[in-house]
Each structure stands twice: as C-alpha cells, then as structure tokens.
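Residue numbering for the sequence shown follows my numbering, starting at 411 and increasing by one per position.
For reference, the structure is listed below as structure tokens.
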Amino acid sequence: MVFFKKIKSKFSNIKAHLKKNSELSSTFDNFLNIQENSDTYRNFVAQEYQKQNYTVWEYSKDRDFSKENKLSLILKKNHIIILVQCRNDNNNIGLDNLYDFKVEAEEFLQQNKIFENYIVKLRYTMSSLLLEESTYEYIKNNPSEIDYEIIKIKK
C-alpha cells in the first residue's frame, strides 16, 4: 500500500501536465483507486481471520507488483493451511481465474516445503458473490480442495 501512496503522490505532481490527456489521467486514477481498495479489503479480511484465531500472513503485501498476484493471504490454524485470494472488485471469477489461482498456489507450496505436512485448502474470499456458474459448480464438487467465503467490508 505504501508503494501505491508513493506513486499517487508523484502522480499528483505531474497531473497538471496530463490534463491534455484526461483519458490517461483517468485510467491511472482508476488503477490506483482499485489497488488501494483491494489493499484495504485484504487488510480488513486479514483482521477478520485474525479474530477467528488464524495466524495470518499477508502474502501479497510482500510480492512483486509487476505481476498480478492471485494469492493474497496465508491462513494457519492448527494443522490446516488456507491459501486465500481476496476479491473486492466486480470481475467475475471464471475457470481460467481458478486455474491461475491453483497454479500460483502450487508454486507457493513448491517454494515453501514447510507446509508439505499440512492440510492445504484454497479459498476465495469475496465482498460479494463473483463466481461464474462453472466455477461455482467446480467449488461445490471439490469442497476438500477449495471453498469460498463472502466477507462484506464494514464501513
């Protein structure tokens, strides 16, 4: 989040020069607002899981922003690890998104062998139901592999 605040402050310094290209300026503003909202939602969700006695690692906070990260949080309780993707946007989650999430989760587990003796599950945590029908069916048919939870942000 600090990264985006720095960009936002630098962007406001050059914004006057971009008035000629209001579309570019608007696009950049939208990107920063979406990222800030995503970070706010991830932080809120992390706090909610901490209240449920999970140990929470805000994994996406530590990641490279040059690529889109599917994995937001790592939750640990007892001998269970839940790899969470937080979603607070209006983009539906299709099977392609699910596949990408599974690939990133597998890469994470390969790099973090410490979790190999844990029960591992994937979870979508969303502010509203964003699952496409095919994704919902997959999740419904594979409850030991993946689930979803809707956590609305409290204002």
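A virtual CB, placed ideally from N, CA and C, is assigned to each residue, including glycine.
Thinking C-alpha only, which one of the options is nearest residue i?
i	options	result
A515	S537, N500, I491, I503	I491
V530	E468, E543, K486	K486
N501	E542, Y546, P553, Y528	E542
T465	I556, L508, I484	I484
N488	Q462, Y469, S554	Q462
N552	F525, E526, D449, K512	K512
C496	Y459, Q520, Y548	Y459
L505	A456, T450, S448, E547	E547
Could you tell me which residues DSSP pairs with residue i in its beta bridges?
i	result
T545	According to DSSP, T545 bridges with nothing at all.
T465	K486
T535	C496, E559
I529	I490
I503	L541
What residues in its chain sit with their C-beta under 7 Å from that of residue i, if we drop five residues either side in the sequence?
i	result
S436	Per-residue confidence for S436 stands at a pLDDT of 46, beneath the threshold of 50, marking its modelled position as unreliable; no derived number is given.
I444	With a pLDDT of only 43 at I444, under the threshold of 50, the placement of this residue in the model should not be trusted; the figure read from the coordinates follows. Closer than 7 Å at Cβ, skipping near neighbours: D499.
E559	R533, T535
K480	Q495, D510, F511, E514
F518	L481, L493
F525	I491, L519
Y469	L481, S482, L483, I484
Q521	none
F454	I563
T450	none
Residues in the same chain with beta-carbon distance under 8 Å from residue i, minus the five sequence neighbours each way, listed in chain order, please.
i	result
K562	S537, S538
S554	K531
A456	V466, E468, L483
S448	C496, N498, D499
Thinking residue i and residue j are a contact (beta carbons under 8 Å), I'd like their distance in whole angstroms, please.
i	j	result
T545	L508	5 Å
Return the chain-ordered list of same chain residues with a C-beta closer than 6 Å to the C-beta of residue i, the five sequence neighbours on each side being excluded.
i	result
S476	The predicted position of S476 is uncertain, since its pLDDT is 41 and thus under 50; a value taken from the coordinates is nonetheless stated next. Answer for S476: no residue qualifies.
R452	S482, C496
L540	R497, N502, I503
W467	I484
I580	Since the first residue shown for the chain is 411 and the last is 565, residue 580 is missing from the structure and cannot be characterised.
Hey, is residue i's beta-carbon within less than 8 Å of any beta-carbon in chain B?
i	result
Q462	Here chain B cannot be found, since the structure has a single protein chain.
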